[in-house]
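This report refers to the structure that appears directly beneath it.
There are 2 protein chains.
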Amino acid sequence: MTMISYLTTIRFGFDESDALSDELKAVGIARPLVVTDRGIIAAGLAERVLAKAGGAHWPVFEGTPSNPTEEAAHQALAIYTAEKCDGLVAIGGGSPIDLAKAVALLATHEGPLEQYAAILGGVPKISASIAPVIAVPTTAGTGSEVGRAALITLRDGRKLGFVSPHLIPVRAICDPLLTLGLPSGLTAATGMDALSHCVETYLSPRVNPPADAIALDGATRIIGNLTRAVAHGDDREARWQMMMGALQGGLCFQKGLGAVHGLSHALGGLTEPSLHHGTLNAVLMPAVMRFNAEAITDKIARLRAALGLSAHADVADFFAGLNVDLKLPRGLRAMGVSAGVIDDMTRKAAQDHSTGTNPRLIDVAGYRQIFEQSWE
Amino acid sequence: MTMISYLTTIRFGFDESDALSDELKAVGIARPLVVTDRGIIAAGLAERVLAKAGGAHWPVFEGTPSNPTEEAAHQALAIYTAEKCDGLVAIGGGSPIDLAKAVALLATHEGPLEQYAAILGGVPKISASIAPVIAVPTTAGTGSEVGRAALITLRDGRKLGFVSPHLIPVRAICDPLLTLGLPSGLTAATGMDALSHCVETYLSPRVNPPADAIALDGATRIIGNLTRAVAHGDDREARWQMMMGALQGGLCFQKGLGAVHGLSHALGGLTEPSLHHGTLNAVLMPAVMRFNAEAITDKIARLRAALGLSAHADVADFFAGLNVDLKLPRGLRAMGVSAGVIDDMTRKAAQDHSTGTNPRLIDVAGYRQIFEQSWE
Numbered sequence: 045m046t047m048i049s050y051l052t053t054i055r056f057g058f059d060e061s062d063a064l065s066d067e068l069k070a071v072g073i074a075r076p077l078v079v080t081d082r083g084i085i086a087a088g089l090a091e092r093v094l095a096k097a098g099g100a101h102w103p104v105f106e107g108t109p110s111n112p113t114e115e116a117a118h119q120a121l122a123i124y125t126a127e128k129c130d131g132l133v134a135i136g137g138g139s140p141i142d143l144a145k146a147v148a149l150l151a152t153h154e155g156p157l158e159q160y161a162a163i164l165g166g167v168p169k170i171s172a173s174i175a176p177v178i179a180v181p182t183t184a185g186t187g188s189e190v191g192r193a194a195l196i197t198l199r200d201g202r203k204l205g206f207v208s209p210h211l212i213p214v215r216a217i218c219d220p221l222l223t224l225g226l227p228s229g230l231t232a233a234t235g236m237d238a239l240s241h242c243v244e245t246y247l248s249p250r251v252n253p254p255a256d257a258i259a260l261d262g263a264t265r266i267i268g269n270l271t272r273a274v275a276h277g278d279d280r281e282a283r284w285q286m287m288m289g290a291l292q293g294g295l296c297f298q299k300g301l302g303a304v305h306g307l308s309h310a311l312g313g314l315t316e317p318s319l320h321h322g323t324l325n326a327v328l329m330p331a332v333m334r335f336n337a338e339a340i341t342d343k344i345a346r347l348r349a350a351l352g353l354s355a356h357a358d359v360a361d362f363f364a365g366l367n368v369d370l371k372l373p374r375g376l377r378a379m380g381v382s383a384g385v386i387d388d389m390t391r392k393a394a395q396d397h398s399t400g401t402n403p404r405l406i407d408v409a410g411y412r413q414i415f416e417q418s419w420e
Numbered sequence: 045m046t047m048i049s050y051l052t053t054i055r056f057g058f059d060e061s062d063a064l065s066d067e068l069k070a071v072g073i074a075r076p077l078v079v080t081d082r083g084i085i086a087a088g089l090a091e092r093v094l095a096k097a098g099g100a101h102w103p104v105f106e107g108t109p110s111n112p113t114e115e116a117a118h119q120a121l122a123i124y125t126a127e128k129c130d131g132l133v134a135i136g137g138g139s140p141i142d143l144a145k146a147v148a149l150l151a152t153h154e155g156p157l158e159q160y161a162a163i164l165g166g167v168p169k170i171s172a173s174i175a176p177v178i179a180v181p182t183t184a185g186t187g188s189e190v191g192r193a194a195l196i197t198l199r200d201g202r203k204l205g206f207v208s209p210h211l212i213p214v215r216a217i218c219d220p221l222l223t224l225g226l227p228s229g230l231t232a233a234t235g236m237d238a239l240s241h242c243v244e245t246y247l248s249p250r251v252n253p254p255a256d257a258i259a260l261d262g263a264t265r266i267i268g269n270l271t272r273a274v275a276h277g278d279d280r281e282a283r284w285q286m287m288m289g290a291l292q293g294g295l296c297f298q299k300g301l302g303a304v305h306g307l308s309h310a311l312g313g314l315t316e317p318s319l320h321h322g323t324l325n326a327v328l329m330p331a332v333m334r335f336n337a338e339a340i341t342d343k344i345a346r347l348r349a350a351l352g353l354s355a356h357a358d359v360a361d362f363f364a365g366l367n368v369d370l371k372l373p374r375g376l377r378a379m380g381v382s383a384g385v386i387d388d389m390t391r392k393a394a395q396d397h398s399t400g401t402n403p404r405l406i407d408v409a410g411y412r413q414i415f416e417q418s419w420e
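Line order of the protein sequences matches chains D and V.
Start counting at 1 in the first sequence, then tack on 44, and there's your number in this note's numbering.
Start counting at 1 in the second sequence, then tack on 44, and there's your number in this note's numbering.
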């Protein structure tokens with residue numbers, strides 16, 4: 045059993061999900077609301093985790109949409125309140141984990157949700173009184189199990205970041221065995237999400253050498269294991285490494301992300317089509333790397349080395365090639381995005397909380413460039 | 045200003061010590077006991093830090109011995125209680141910081157101190173009710189500002205580790221400018237302490253890839269800056285890098301240390317002579333690296349790379365050479381240790397809490413070998 049203690053306590057290892065009931069006791073949750081989605085239920089993962097914890101009778105909200113919404117948070121909150129819950133267990137990818145964070149916030153803070161958004165000055169409004177959340181990721185992954193943010197789409201369609209150290213789940217239980225059944229397409233998409241976290245946080249201008257070290261090591265780990273995990277989903281070692289790489293990306297969020305996330309957050313707010321966050325990140329990486337090139341000359345050598353590239357390799361080309369190898373979409377058009385959203389999306393991206401830590405200053409015009417270059 | 049958030053909140057940067065009063069407010073300390081030593085007072089560092097914080101009137105305990113003792117902890121506690129303090133500010137090297145932790149413990153937990161020692165089952169007895177400590181290191185360093193341990197010499201001479209997540213200072217303020225005046229001898233000794241933390245935690249068998257990444261990066265950083273900081277104490281950049289490397293070593297303590305610390309803790313309990321912890325670590329490193337060689341074949345390549353060595357370099361020889369370059373003592377005899385202490389020291393070392401995470405099993409016989417090989 046591996047206990048890692050950065051930001052919070054993380055239990056990491058095969059069958060660590062068996063420890064859920066111990067952790068509930070440790071953090072003082074007697075009656076959790078389980079937050080998950082129908083895919084997790086269908087895969088039998090929720091039942092597996094809950095059975096071991098003796099939680100077959102706990103209330104469950106399984107209606108988490110693929111991009112969590114304010115609406116769904118209120119639906120879950122209604123169950124939380126009616127059932128007199130005192131904490132939450134999130135089982136699934138980033139969506140249930142982020143949704144659980146939103147419920148934890150709404151259960152302890154006055155509504156509406158919007159006022160707590162980071163770009164609207166909400167960070168200081170989020171207090172320590174937040175309900176405790178235990179996060180059990182089933183993808184590798186969003187890093188949300190150790191992340192201080194919840195990305196929630198408000199009723200008006202804006203996908204906003206709610207950010208606070210108090211939003212970090214009190215416990216993360218990272219059991220790679222829960223990802224053995226993750227289909228290859230999702231393995232690729234969530235794996236690229238994790239890689240984008242390691243890359244964007246490393247390139248952020250904030251000064252945090254420990255985070256940089258973790259990020260580069262996470263990137264190397266992911267590059268070394270992603271194609272194997274995609275091709276051989278039953279490879280336990282590859283799944284372990286991918287979940288660790290995803291955790292590492294999450295541990296670096298305090299550095300801030302960049303333009304990839306600025307635009308993927310905006311696009312993630314669309315309901316038609318409903319776009320996967322990790323896939324968006326993968327598709328946007330090449331153009332953002334090109335856009336950032338002049339601003340990252342002091343860091344590119346270490347990044348190439350971490351990615352296993354030669355001294356003058358083109359990193360943008362590398363990411364484009366990786367997307368092809370992983371059979372990810374060619375571009376935004378292939379993902380079903382309509383060209384008409386460019387104005388709205390680039391405007392929202394420029395306001396996103398991740399934009400401020402892109403290594404090169406980026407505005408609406410810059411994001412137009414990225415959108416167009418990522419079209420197909 | 046660099047805010048790093050691993051385990052606790054760390055403010056890192058030139059003149060960050062100016063932020064002490066903000067941090068006292070942030071953690072809710074209204075009347076701190078300042079714990080420091082006469083060297084810090086004489087160097088004017090305490091006055092400098094306290095003046096900025098408006099703390100000229102705060103009670104000060106300046107009697108911290110070079111290796112903190114139970115006796116000194118009780119003396120400081122008496123002032124803490126009489127002055128109705130509600131927290132502590134430690135200014136100095138590892139000794140005042142560890143002493144402050146011991147006072148924080150005694151102020152909130154029933155005595156005697158011994159029962160809380162890690163090797164005597166004390167870890168679960170230390171609760172969250174501990175008084176808050178803000179650590180302001182003036183060396184680079186022990187890492188104690190983010191460490192969960194306090195090494196205290198009990199009245200009977202045993203130097204024991206008191207270990208708990210609750211012992212981690214609530215804030216670390218790392219201002220490299222406070223080390224500009226650190227004499228070259230102490231710069232070398234405390235720098236080797238930091239390096240030994242990075243090396244020993246990396247080699248520990250516990251599984252914690254984020255810590256490994258931080259440790260190796262810290263080792264590289266220290267190797268790249270130590271000789272410069274020793275030769276040019278006024279080099280601000282070198283001082284910044286050394287303090288970051290020392291912080292990084294401290295962030296990895298959760299991996300556990302090894303035989304270097306097992307024996308240096310034991311030797312640190314002697315009153316005659318009173319031995320510097322960092323110097324002891326430096327002197328013991330070569331023999332411990334030789335002892336561990338067969339057990340670290342899976343890690344040695346990354347370690348050599350981090351230290352900037354070629355693919356087959358002898359790491360033990362490297363450390364021995366580094367000690368010569370830094371004008372550190374040749375061995376234990378040169379440090380004034382008497383040969384007669386070997387039985388007592390090796391017995392204590394074998395019981396030290398760091399022994400369990402040495403990569404190779406080590407007992408009294410193993411420690412005798414290390415003691416003898418480190419003699420001269």
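Beta carbons are placed, not taken as given, at the ideal position from N, Cα and C, and that holds for glycine.
It should be emphasised that the depicted structure is a prediction, and the values quoted were computed from it without experimental measurement.
query: Local Cβ density within 10 Å of residue 292 of chain V, reported as buried at 16 or more and exposed below that; result: buried
query: Reduced DSSP category for residue 132 of chain D - H, G, I as helix; E, B as strand; rest coil; result: strand
query: Selection of the segment 286 to 298 of chain V by Cβ proximity to chain D, strictly under 7 Å; result: 288, 292, 295 and 298
query: Residues near residue 159 of chain D in its chain [Cβ-Cβ closer than 7 Å; skip 5 each side]; result: 166 and 169
query: Inter-residue Cα distance where the pair is residue 139 of chain V and residue 66 of chain D; result: 37 Å
query: Per-residue contacts from residue 50 of chain D into chain V (C-beta, under 7 Å); result: 50, 51 and 254
query: For residue 218 of chain V, three-class secondary structure by DSSP; result: strand
query: In DSSP terms, what residue 77 of chain V is bridged to; result: V/132
query: Between the CA atoms of residue 358 of chain D and residue 319 of chain D - distance to the nearest angstrom; result: 28 Å
query: Start and end residues, beta strand (DSSP E) containing residue 207 of chain D; result: 203 to 207
query: Coil, strand or helix - residue 58 of chain D by DSSP; result: coil
query: Through-space distance from residue 178 of chain V to residue 215 of chain V, alpha-carbon basis; result: 5 Å
query: C-beta neighbour in chain V for residue 258 of chain D, strict 7 Å; result: yes
query: Residues of its chain near residue 367 of chain D, where Cβ-Cβ distance is below 6 Å and the 5 sequence neighbours each way are ignored; result: 326
query: Cβ pair count under 8 Å reaching 3, the segment 57 to 73 of chain V against the segment 384 to 391 of chain D; result: no
query: Supposed close pair residue 295 of chain D, residue 207 of chain D - CB separation, criterion 8 Å; result: Actually they are not in contact, since the Cβ atoms of residue 295 of chain D and residue 207 of chain D sit about 15 Å apart, beyond 8 Å.
query: Beta-bridge partners of residue 105 of chain D, as assigned by DSSP; result: D/79
query: Any C-beta of chain D under 7 Å from that of residue 27 of chain V; result: For residue 27 of chain V there is no data in the structure shown, the boundaries of chain V being 45 and 420.
query: DSSP beta-bridge partners of residue 180 of chain V; result: V/135
query: Classification of residue 384 of chain V by the beta-carbon crowding that lies within 10 angstroms, buried from 16 upward; result: exposed
query: Strand pairing of residue 48 of chain V, partner residues [DSSP]; result: V/54
query: Chain-ordered residues of the segment 197 to 212 of chain V with a beta carbon less than 8 Å from chain D; result: 209
query: Residue from V/125, V/136 and V/128 whose Cα sits closest to the Cα of residue 112 of chain V; result: V/136
query: Residue 185 of chain V classed as buried or exposed, judged by whether at least 16 other C-beta atoms fall within 10 angstroms; result: buried
query: Three CB pairs or more closer than 8 Å across the segment 123 to 132 of chain D and the segment 81 to 94 of chain D; result: no
query: Sequence-distant residues of the same chain with beta carbon closer than 7 Å to residue 100 of chain D, five excluded per side; result: 94
query: Anticipated Cβ contact below 8 Å, residue 370 of chain V with residue 232 of chain V, distance rounded; result: 4 Å
query: Limits of the alpha helix (DSSP H) - the one that residue 366 of chain V falls within; result: 359 to 369
query: Integer-rounded CB distance, given that residue 254 of chain D should sit under 8 Å from residue 50 of chain V; result: 6 Å
query: Beta carbon proximity, residue 287 of chain D to chain B, threshold 7 Å; result: No chain B appears in the structure shown, which is made up of the protein chains D and V.
query: DSSP-derived helix/strand/coil call for residue 223 of chain D; result: helix
query: Residues sharing a beta bridge with residue 193 of chain D, DSSP; result: D/207
query: Reduced DSSP category for residue 113 of chain V - H, G, I as helix; E, B as strand; rest coil; result: strand
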